[in-house]
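K.L.:
The numbering used here numbers the first residue of the sequence shown as 55 and each following residue consecutively. Pasting in a structure now, in C-alpha cells, and then I'll have a few things to ask.
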Amino acid sequence: MDSYDAMAREWLDGLTDSDFRETPDGGRLVYAPDLAALLRSVAEQEREACAKVAAEMAATLAHKSIAAAIRARAEGATG
Numbered sequence: 055m056d057s058y059d060a061m062a063r064e065w066l067d068g069l070t071d072s073d074f075r076e077t078p079d080g081g082r083l084v085y086a087p088d089l090a091a092l093l094r095s096v097a098e099q100e101r102e103a104c105a106k107v108a109a110e111m112a113a114t115l116a117h118k119s120i121a122a123a124i125r126a127r128a129e130g131a132t133g
C-alpha cells in the first residue's frame, strides 16, 4: 500500500498547470493520459503479488498433503 501511495504522490507532484483543463462550469479537471499507464502498472503489480501468494499457498497445501500421505503410510506399515 505504501508503494502505491508513493506512486500516487509522485504522479501528483509531477502535474503542472498544463495538465489541467477548464470545465464549462469554471472548474478544473486533470487531463491525464499517463494515468492509465500508472493504473496498468498498479494492476500488474497486484496480479504478480496475487500469483505469488497463490503459488505459496498451493505449495503449502501440497506439502501438507504429501506429509499426511507419508504419515498415513508409515502408520499403516507399523500399525
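Cβ coordinates follow ideal geometry from the N, Cα and C atoms, glycine included.
Check whether the Cβ atoms of L92 and W65 lie closer than 7 Å to each other.
P.N.:
Along the sequence shown, one-based indexing puts residue 92 at 38. Along the sequence shown, one-based indexing puts residue 65 at 11. The answer is yes: Cβ separation under 7 Å.
K.L.:
Have a look at A60 and L115 and give me their C-alpha separation to the nearest angstrom.
P.N.:
Position 6 of the sequence shown, counting from 1, holds the residue named residue 60. Position 61 of the sequence shown, counting from 1, holds the residue named residue 115. Roughly 35 Å between the two C-alpha positions.
K.L.:
Which residues in the same chain as T77 place their Cβ atom closer than 8 Å to its Cβ, once the five residues preceding and following it in sequence are excluded?
P.N.:
By one-based count along the sequence shown, residue 77 stands at place 23. Closer than 8 Å at the Cβ level, and outside the excluded window around T77, lie L83.
K.L.:
Under the assumption that Y58 contacts V107 (Cβ atoms under 8 Å), give the Cβ distance between them as a whole number of angstroms.
P.N.:
As a working mapping, residue 58 is identified with position 4 in the sequence shown. As a working mapping, residue 107 is identified with position 53 in the sequence shown. Not really, about 17 Å apart at Cβ, beyond 8 Å.
K.L.:
Among D73, D56, E98, A112, which one has its Cα closest to the Cα of D88?
P.N.:
Here residue 88 corresponds to residue number 34 of the sequence shown, with the count starting at 1. Nearest C-alpha to D88: D73.
K.L.:
So, under 8 Å CB-CB, Y85 and R75 are touching, yes? Tell me the CB distance rounded to an integer number of Å.
P.N.:
Translated into positions along the sequence shown, residue 85 becomes position 31. Translated into positions along the sequence shown, residue 75 becomes position 21. With 8 Å as the limit, Y85 and R75 qualify as a contact, their Cβ atoms being about 5 Å apart.
K.L.:
If we ignore side chains and look at the alpha-carbon of each, how far apart do A131 and A121 end up?
P.N.:
Position 77 of the sequence shown, counted from the start, is the residue given in the question as residue 131. Position 67 of the sequence shown, counted from the start, is the residue given in the question as residue 121. Cα to Cα, A131 sits roughly 15 Å from A121.
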